[in-house]
Amino acid sequence: MADDLPRLADLPIPDTVQPGRGWSPFMLEMAAHIAPKHILTLVDRFGGQDIYVPIAVENSPFLDVLPADTVATISRVYGRERLKIPTAREALARARRAPVIAAVRAGRLTRNEAARMIGSSRRYVAYLANQTNEADDAPVFVPRRAVDSRQIEMFPEPPAPVHPD
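Last residue of the sequence shown: 245 in the working numbering, with the numbers rising by one and none dropped.
In structure tokens form, the structure reads like this:
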């Protein structure tokens, strides 16, 4: 199972993420207008860039990564401005690793598996899981069951019945 575990950068940003350590003042300001998950999605995609925000939503570079209503809010609040999007590496890493730490606490992942996923030591994972309140309210990461492609399906779906016309 350890070989098919995702890496930190491949983990999704949880819907329940909240502003915290690693959030810049600009990100905290944006949190008054849009959901924290959308802010992290924005910095994940555009971090380190200066992005012009047009008034017209249909011209926004954010349409490909954010919902239209969120893009409309950004255009209303920041329209005609050039935004310096922070990289927010710490905030992204903390958000993505929270479900992994929650899975360690719930017994769904071993410390070794979690360490491999988040790119840290087993000792640091143990510290996060046992001595911090990080990920207290995070959803639990559930690893997918490994399937060997050479194994046949024991309980295949039955074929659909054929009705004569």
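In this text, a Cβ means the ideal position worked out from N, Cα and C, and glycines have one as well.
- Beta-bridge pairing by DSSP links LYS164 to ASP130.
- A Cβ-Cβ separation of about 11 Å leaves ALA112 out of contact with ILE119 under the 8 Å criterion.
- The beta-carbon distance between ARG87 and MET197, rounded to whole angstroms, is 6 Å. This is short enough to meet the 8 Å contact definition.
- Shown here, GLU170 sits in a helix according to DSSP, grouped into three states.
- Sixteen is the threshold: since fewer than 16 other Cβ atoms of the shown chains lie within 10 Å of the Cβ of GLU161, the residue is exposed.
- In the three-state scheme derived from DSSP, where H, G and I count as helix and E and B as strand, ILE114 is classed as coil.
- Comparing alpha carbon positions, the residue from PRO116, ALA215, GLY187 and GLU138 closest to ALA168 is PRO116.
- Distance from SER140 to VAL151 at the Cβ level is roughly 5 Å; contact confirmed, criterion being Cβ atoms closer than 8 Å.
- Within the model, the alpha-carbon separation for GLN129 versus ILE165 is close to 6 Å.
- Counting along the chain, ILE198 sits inside the alpha helix (DSSP H) bounded by residues 191-198.
- In this structure, ALA173 and TRP103 do not form a Cβ contact; the two beta carbons are roughly 12 Å apart against a cut-off of 8 Å.
- One alpha carbon belongs to TYR204, the other to GLY127, and they sit about 27 Å apart.
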